[in-house]
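Q:
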Amino acid sequence: MPTIVVEVMPKAEILDPQGKAVAGALVRLDRSEFTSVRIGKRFELTVDGPITADLLAEARAIANDLLANTVIEDVIYVGEARGADGSQTAAEGA
Amino acid sequence: MRVGVITFPGSLDDRDAQRAVKLGGAVPVALWHGDHDLKNVDAIVLPGGFSYGDYLRAGAIAAHSPIMSEVIAAANGGMPVLGICNGFQILVESHLLPGGLVRNDHGDFVCRDQKLRVENIDTAWSNGFKEDEEIIIPLKNGEGGYIADQETLDRLEGEGQVVFRYLEINPNGSANDIAGISNARGNVVGLMPHPEHATEPGFGPDTRVAMRSGTDGLTFFTSAITSLMANA
Chain W
1 MPTIVVEVMP KAEILDPQGK AVAGALVRLD RSEFTSVRIG KRFELTVDGP ITADLLAEAR
61 AIANDLLANT VIEDVIYVGE ARGADGSQTA AEGA
Chain G
1 MRVGVITFPG SLDDRDAQRA VKLGGAVPVA LWHGDHDLKN VDAIVLPGGF SYGDYLRAGA
61 IAAHSPIMSE VIAAANGGMP VLGICNGFQI LVESHLLPGG LVRNDHGDFV CRDQKLRVEN
121 IDTAWSNGFK EDEEIIIPLK NGEGGYIADQ ETLDRLEGEG QVVFRYLEIN PNGSANDIAG
181 ISNARGNVVG LMPHPEHATE PGFGPDTRVA MRSGTDGLTF FTSAITSLMA NA
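Residue numbers (UniProt numbering), protein chains in the order written: chain W, 1 to 94; chain G, 1 to 232.
#1: Of all Cβ atoms in chain W, is any one closer than 8 Å to the Cβ of residue 73 (chain G)?
#2: Which residues, taken in chain order from the region 18 to 51 of chain W, show a beta carbon closer than 8 Å to some beta carbon of chain G?
#3: Is there at least one Cβ from chain W nearer than 8 Å to residue 60 (chain G)'s Cβ?
#4: Could you give the first and the last residue of the continuous beta strand (DSSP E) run that contains residue 180 (chain G)?
#5: Identify the contact partners of residue 93 (chain G) in chain W, using a Cβ-Cβ distance below 8 Å as the criterion.
#6: What is the residue span of the beta strand (DSSP E) that residue 43 (chain W) lies within?
#7: Can you find the residues in the same chain that come closer than 7 Å, C-beta to C-beta, to residue 186 (chain G), ignoring five residues on each side of it along the sequence?
#8: Could you tell me whether the Cβ of residue 14 (chain W) comes closer than 8 Å to any Cβ of chain G?
#9: In whole angstroms, give me the CA-to-CA distance for residue 231 (chain G) and residue 36 (chain W).
#10: Note down, in chain order, every chain W residue with its Cβ under 7 Å from the Cβ of residue 105 (chain G).
#11: Identify the contact partners of residue 147 (chain G) in chain W, using a Cβ-Cβ distance below 8 Å as the criterion.
#12: Among residues of its own chain, excluding the 5 on either side of residue 75 (chain G), which ones have a beta-carbon nearer than 6 Å to its beta-carbon?
#13: Show which residues of chain W have a CB atom less than 8 Å away from the CB atom of residue 102 (chain G).
#14: Are at least three pairs of beta-carbons, each pair with one atom in the region 107 to 116 of chain G and one in the region 62 to 76 of chain G, less than 8 Å apart?
#15: Does the beta-carbon distance from residue 88 (chain G) to residue 192 (chain G) come in below 8 Å?
#16: Tell me, to the nearest whole angstrom, how far the beta carbon of residue 175 (chain G) is from that of residue 161 (chain G); I am working on the premise that it is less than 8 Å.
#17: Residues of chain W with a CB under 7 Å from the CB of residue 64 (chain G): which are they?
#18: Just reading off the beta strand (DSSP E) that residue 70 (chain W) is part of, what are its end residues?
#19: Let me know if residue 145 (chain G) comes out buried or exposed under the rule of 16 or more other beta-carbons within 10 Å of its beta-carbon.
#20: So, does the region 54 to 69 of chain G touch the region 16 to 30 of chain G, judging by three or more C-beta pairs under 8 Å?
#21: What do you get for residue 39 (chain G), buried or exposed, if any count of 16 or more other CB atoms within 10 angstroms of its CB means buried?
#22: What does the alpha-carbon distance come out to for the pair residue 35 (chain G) and residue 6 (chain G)?
#23: Are the C-beta atoms of residue 57 (chain G) and some chain W residue less than 8 Å apart?
#24: At least one CB of chain W closer than 8 Å to the CB of residue 186 (chain G): is that the case?
#25: So, at 7 Å on beta carbons, what are the nonlocal neighbours of residue 40 (chain W) in its own chain, with the 5 sequence-adjacent residues on each side left out?
#26: Rounded to whole angstroms, how far is the Cβ of residue 140 (chain G) from the Cβ of residue 106 (chain G), which I believe are closer than 8 Å?
#27: Please confirm whether residue 83 (chain G) has its beta-carbon closer than 8 Å to some beta-carbon of chain W.
#28: If you draw a straight line from the alpha carbon of residue 127 (chain G) to that of residue 22 (chain W), how long is it in whole angstroms?
#29: Distance, Cα to Cα, residue 10 (chain G) vs residue 48 (chain W)?
#30: Over what stretch of residues does the alpha helix (DSSP H) that includes residue 20 (chain W) continue unbroken?
#31: Is there a Cβ of chain W sitting closer than 8 Å to that of residue 160 (chain G), yes or no?
#32: Leaving out five residues before and five after residue 20 (chain G) in sequence, what residues of the same chain have Cβ atoms less than 6 Å from its Cβ?
#33: Where does residue 71 (chain W) land, buried or exposed, given buried means 16+ other C-beta within 10 angstroms?
#34: Taking the C-alpha atoms as reference points, what is the distance between residue 216 (chain G) and residue 164 (chain G)?
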């Protein structure tokens with residue numbers, strides 16, 4: 001099924017206790033090459049038909065209205081699902 | 001006087017809030033999140049708890065529940081609205097109050113009898129206190145850190161919209177030790193600590209006089225009645 005992904009991160013200036021806890025675990029595991037960790041959220045909005053510009057605009061509106069609180073969070077991505085390397089995963093769900 | 005208490009799925013302190021309303025001298029009216037009916041109440045309390053599981057963000061889904069359109073309209077019309085803990089989170093997510101609430105800076109849930117200073121006695125929910133009165137009411141939250149941008153904080157401080165401030169300890173990393181704020185008009189107030197848990201001798205915080213004898217929270221509810229009488 002075609003999927004729109006919305007990614008939300010806590011604003012940079014806001015303390016992220018979850019990320020801080022994981023960063024602490026990395027230090028204990030002697031993985032000190034990673035100096036900080038921040039944890040955000042990924043939403044997957046599945047639709048029946050093709051992903052259109054209108055649907056993406058709607059997803060953006062929802063992202064700013066409900067999925068993120070822009071006082072404390074930033075919407076950093078709204079778009080089609082992509083692979084870990086940034087490539088579109090058009091075949092996903094096929 | 002009729003004071004509505006809204007129950008959302010996941011509300012925990014709705015019955016305590018109803019009891020507090022009754023002890024304060026008003027008639028508690030149970031309201032349901034899924035309705036579009038305020039049942040002719042004169043004031044509204046959004047109680048503590050974990051509305052809709054707080055899954056998205058604390059208070060975020062509740063802010064979009066059916067009854068909130070009526071609450072927002074009533075609040076903008078001047079009706080006294082009090083948001084306690086999760087209710088405070090719902091008020092900021094509804095944009096009835098500025099800023100936001102984030103996870104406690106130490107990462108842990110905190111539960112304690114909290115000392116506060118009342119810094120604004122001109123709101124619908126604090127007019128029964130004395131200027132700078134120090135009170136103790138319970139606090140219990142995991143996401144109670146109040147934040148706002150510097151401009152908003154400056155405005156809140158400058159306009160006297162900081163109603164309650166944490167004393168002796170800042171339990172959650174809130175900016176400027178802010179425990180509760182009001183809107184510009186003073187009818188909408190939100191705070192993280194729980195006044196409804198300090199309204200009856202035998203069940204409240206310990207005081208110097210006796211164990212569990214603290215009833216500082218009762219003044220919130222009597223204040224609302226005083227405010228409604230003044231405007232009647």
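By construction, the Cβ of each residue, glycine as well, lies at the ideal position given by its N, Cα and C atoms.
A: So, from the listed chains and residues:
#1: Position 73 of the second sequence, counting from 1, holds the residue named residue 73 (chain G). By this cut-off, residue 73 (chain G) is not an interface position.
#2: 18, 20 and 21
#3: In the second sequence, the residue the question calls residue 60 (chain G) occupies position 60. Yes, its Cβ sits closer than 8 Å to a Cβ of chain W.
#4: Counting from one through the second sequence, the residue named residue 180 (chain G) turns up at place 180. Unbroken beta strand (DSSP E) run through residue 180 (chain G): 178 to 182.
#5: To locate residue 93 (chain G), count along the second sequence from 1; it is residue 93. By Cβ distance, chain W contributes 69.
#6: The count along the first sequence starts at 1 and reaches residue 43 (chain W) at position 43. It spans 41 to 46 - the beta strand (DSSP E) in which residue 43 (chain W) sits, taken as one unbroken run.
#7: Residue numbering aside, residue 186 (chain G) sits at position 186 when the second sequence is read from its first letter. Around residue 186 (chain G): 122, 123 and 124.
#8: Here the question's residue 14 (chain W) lines up with position 14 in the first sequence. Put simply, the CB of residue 14 (chain W) is near chain G, with a gap under 8 Å to one of its CB atoms.
#9: Translated into the one-based positions of the second sequence, residue 231 (chain G) becomes position 231. Translated into the one-based positions of the first sequence, residue 36 (chain W) becomes position 36. Using only the alpha carbons, I get a separation of about 54 Å.
#10: Reading the second sequence from its first residue, position 105 is the one you call residue 105 (chain G). Neighbours of residue 105 (chain G) on chain W, chain order: 15 and 17.
#11: As a working note, residue 147 (chain G) is residue 147 in the second sequence. Correct list: 14, 71 and 72.
#12: As a first step, residue 75 (chain G) must be located in the second sequence, where it is residue number 75. Excluding sequence neighbours, residue 75 (chain G) sits near 81, 96 and 188.
#13: Translated into positions along the second sequence, residue 102 (chain G) becomes position 102. Here the neighbours are 10, 14, 15 and 72.
#14: Between the region 107 to 116 of chain G and the region 62 to 76 of chain G there are fewer than three inter-stretch CB-CB distances shorter than 8 Å, so the stretches are not counted as touching.
#15: The residue you call residue 88 (chain G) lines up with position 88 of the second sequence. The residue you call residue 192 (chain G) lines up with position 192 of the second sequence. Closer than 8 Å, so yes.
#16: As a working note, residue 175 (chain G) is residue 175 in the second sequence. As a working note, residue 161 (chain G) is residue 161 in the second sequence. That pair is no contact at about 13 Å.
#17: The sequence position of residue 64 (chain G) within the second sequence is 64, counting from 1. Simply 66.
#18: Against the first sequence, residue 70 (chain W) aligns to sequence position 70. Segment: none, residue 70 (chain W) is in no beta strand (DSSP E) and carries neither H nor E.
#19: By one-based count along the second sequence, residue 145 (chain G) stands at place 145. Result: buried.
#20: no
#21: Start at 1 with the first residue of the second sequence, and residue 39 (chain G) comes out as number 39. Exposed: under 16 other Cβ atoms inside 10 Å.
#22: Against the second sequence, residue 35 (chain G) aligns to sequence position 35. Against the second sequence, residue 6 (chain G) aligns to sequence position 6. Answer to the nearest angstrom: the Cα atoms are 10 Å apart.
#23: One-based indexing of the second sequence puts residue 57 (chain G) at position 57. By this cut-off, residue 57 (chain G) is an interface position.
#24: For the purposes of this step, residue 186 (chain G) is taken as the residue at position 186 of the second sequence. For residue 186 (chain G), the answer is no, since every Cβ of chain W falls outside 8 Å of its Cβ.
#25: As a working note, residue 40 (chain W) is residue 40 in the first sequence. Once the five neighbours on either side are set aside, the close Cβ partners of residue 40 (chain W) are 7, 8, 9 and 10.
#26: Position 140 of the second sequence, counted from the start, is the residue given in the question as residue 140 (chain G). Position 106 of the second sequence, counted from the start, is the residue given in the question as residue 106 (chain G). Their Cβ separation, rounded to whole angstroms, is 15 Å, which puts residue 140 (chain G) and residue 106 (chain G) out of contact at 8 Å.
#27: Here the question's residue 83 (chain G) lines up with position 83 in the second sequence. Judged by the 8 Å Cβ criterion, residue 83 (chain G) is not in contact with chain W.
#28: Translated into positions along the second sequence, residue 127 (chain G) becomes position 127. Translated into positions along the first sequence, residue 22 (chain W) becomes position 22. Rounded to whole angstroms, residue 127 (chain G) to residue 22 (chain W) spans 45 Å at the Cα level.
#29: Numbered from 1 along the second sequence, position 10 holds the residue referred to as residue 10 (chain G). Numbered from 1 along the first sequence, position 48 holds the residue referred to as residue 48 (chain W). Rounded to the nearest angstrom, the two C-alpha atoms are 32 Å apart.
#30: The sequence position of residue 20 (chain W) within the first sequence is 20, counting from 1. Segment 17 to 28, the alpha helix (DSSP H) holding residue 20 (chain W).
#31: Translated into positions along the second sequence, residue 160 (chain G) becomes position 160. Not one chain W Cβ lies under 8 Å of residue 160 (chain G).
#32: Mapped onto the second sequence, residue 20 (chain G) falls at position 20. Hits under 6 Å: 196, 199 and 221.
#33: As a working note, residue 71 (chain W) is residue 71 in the first sequence. Buried, since its Cβ has 16 or more Cβ neighbours within 10 Å.
#34: The residue you call residue 216 (chain G) lines up with position 216 of the second sequence. The residue you call residue 164 (chain G) lines up with position 164 of the second sequence. The C-alpha of residue 164 (chain G) is placed about 13 Å away from the C-alpha of residue 216 (chain G).
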